[in-house]
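Mapping the sequence shown onto the UniProt record's numbering, position 318 (from 1) lands on 318, and the numbers just tick up by one.
Input: a single structure, listed below in structure tokens.
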Amino acid sequence: MALPPILQNLRIPVVGSPLFIISNPDLVIAQCKAGIVGAFPALNAREKEGEPIMLEAWLKRITEELDRHNQANPDNPAAPFAVNQIVHRSNARLERDLEICHRWKVPIWITSLGARVEVNEAAHDCGGITLHDIINNTFARKAIEKGADGLIAVAAGAGGHAGAQSPFALVSEIREWFDGPLLLSGAIANGRSILAAQAMGADLAYIGSPFIATDEANAVPDYKQMIVGHGAEDIVYSNLFTGVHGNYLKPSIARAGMDPDNLERSDPSKMNFGENREKPKSWKEIWGSGQGIGAIRTVQPAARLIDTLAAQYADAKAEMRKIVNG
Ligand SMILES: Cc1cc2nc3c(=O)[nH]c(=O)nc-3n(C[C@H](O)[C@H](O)[C@H](O)COP(=O)(O)O)c2cc1C
1 MALPPILQNL RIPVVGSPLF IISNPDLVIA QCKAGIVGAF PALNAREKEG EPIMLEAWLK
61 RITEELDRHN QANPDNPAAP FAVNQIVHRS NARLERDLEI CHRWKVPIWI TSLGARVEVN
121 EAAHDCGGIT LHDIINNTFA RKAIEKGADG LIAVAAGAGG HAGAQSPFAL VSEIREWFDG
181 PLLLSGAIAN GRSILAAQAM GADLAYIGSP FIATDEANAV PDYKQMIVGH GAEDIVYSNL
241 FTGVHGNYLK PSIARAGMDP DNLERSDPSK MNFGENREKP KSWKEIWGSG QGIGAIRTVQ
301 PAARLIDTLA AQYADAKAEM RKIVNG
């Protein structure tokens, strides 16, 4: 099935995925101007009691800056942007944030941790599409039953709340019954891997951790350098920090005084995505990352990272053509 028009005409088939704390309007605008979908979690836009609503201000800025860019560059328009909603009972802001996104006609809605009919309806009502992230085929079916337009298959090795399944298995099982938009998430960090995601059956690559090491990202310099200086063997999969399994940088855990190779287990009832989603003090500097960061060698502007991905993707396609043509 053809991709919905909003996902066609990207410079490369990539969505810059939403990153808790890290994604901000600077990063999203840079990603969209450079030709990939940029995204941020609605919960990143926080105001203090009594202050104007930050989500409103972010959407205004992103919408206006991208409009200005499109007027000045009619032949090279920006890619659309996406807002991520955590659809979990602990997210007390959900209803308010949905109303704001509906009013601003957010074009792409990414939903995590819960598939709900009303959320999909709100997106469709303002002309948007929804992409729901899942870690297995059962959740994938449920998401489509509840009205999501597309799926984000979060496979093993992804940053944040990663799945545990091989991307080959996950994408194959979903493609048996679903021919709509399918994104693949997990350790994709170069052009060859983007093409590999498509060869596997996905439409688009969903890339997170590499964007932590960009100038625009809201991360402290040490975090950015830790992404640059480490690789897959420095990542540990644990549920200790949020109650859900995710991938983390071992050196950040060691620095907080814990042994990353001997972490205790937590339980899912500790999940909390409310506004007070504060980590215990000692966990403040436990940093999330996927396994793909071996490909990331420098902190740079997001546009330069996207230029590199685009050049690598073109090279990978040329190489693949040679293989296909024998
Ligand atoms: C630090 C960090 C924070 C994340 N926060 C969110 C989030 O708030 N919402 C969400 O849907 N996904 C979140 N993710 C998951 C990403 O959107 C995406 O699935 C993942 O980063 C892709 O794998 P990669 O990091 O190997 O590229 C986060 C990932 C990381 C590394």
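Positions of the beta carbon are idealized from the N, C-alpha and C atoms, including for glycine.
As the structure is a prediction and not an experimental result, all values here were calculated from the model.
- Unbroken alpha helix (DSSP H) stretches of 4 residues or longer found wholly inside the segment 187 to 226: 191 to 200, given in chain order.
- The residue among Trp177, Gly180 and His161 with its C-alpha nearest the C-alpha of Gly186 is His161.
- Taking the Cα of Pro181 as reference, the smallest distance to any Cα among Val37, Ala202 and Ala295 is reached at Ala202.
- The distance from the Cβ of Val236 to that of Tyr223 is about 16 Å, inconsistent with a contact at the 8 Å cut-off.
- DSSP, read as helix, strand or coil, puts Ala153 in strand.
- Taking Glu173 as reference, the option from Phe139, Trp109 and Asp26 with the minimal CA-CA separation is Phe139.
- No Cβ-Cβ contact shorter than 8 Å links Ala72 with Cys32.
- In this structure, Gly186 has its CB closer than 7 Å to one or more heavy atoms of ligand 1.
- For Arg116, the CB contacts under 8 Å within the same chain, skipping 5 residues up- and downstream, are Val87 and Lys146 in chain order.
- In terms of Cβ geometry, Ser23 and Pro4 do not form a close pair [threshold 8 Å].
- In this structure, the alpha-carbon of Lys250 lies about 10 Å from that of Ala232.
- Runs of the beta strand (DSSP E) lying entirely within the segment 45 to 97, each at least 3 residues long, are 81 to 86 in chain order.
- At least 8 Å separates the beta-carbon of Ala158 from that of Ala164.
- Spatial neighbours of Ala123 in its own chain (CB-CB distance under 7 Å, excluding positions within 5 residues in sequence) are listed in chain order as Trp109, Ile129 and Thr130.
- Per DSSP, Phe178 is not a residue of any beta strand (DSSP E), being assigned neither H nor E.
- Checking the 7 Å criterion, the Cβ of Ser252 is out of range of every heavy atom belonging to ligand 1.
- Per DSSP, His161 lies in no alpha helix (DSSP H) segment and is marked neither H nor E.
- As summarised for the segment 224 to 257, the continuous beta strand (DSSP E) elements at least 3 residues long and confined to that stretch are 235 to 238 and 246 to 249, given in chain order.
- Where Leu131 is concerned, the enclosing beta strand (DSSP E) starts and stops at Ile129 to Ile134.
- Excluding sequence positions up to five before and after Glu47, its CB lies within less than 7 Å of the CB of Ile53 and Met54, all in the same chain and listed in chain order.
- Approximately 7 Å separates the beta-carbon atoms of Ile212 and Leu19; this is inside 8 Å, confirming the contact.
- For Gly292, the distance from the CB to the nearest heavy atom of ligand 1 is below 7 Å.
- The C-beta of Ser166 has fewer than 16 other C-beta atoms within 10 Å across all chains shown, which makes the residue exposed.
- Fully contained in the segment 16 to 41 are the following alpha helix (DSSP H) runs of length 4 or more, in chain order: 25 to 33.
- With fewer than 16 other CB atoms across the displayed protein chains lying within 10 angstroms of its CB, Gly50 is exposed.
- About 6 Å separates the CB atoms of Ala205 and Pro13; that is less than 8 Å, so the two are in contact.
- Relative to the Cα of Ile135, the nearest Cα in the group Thr111, Val119, Asn120 and Cys126 belongs to Thr111.
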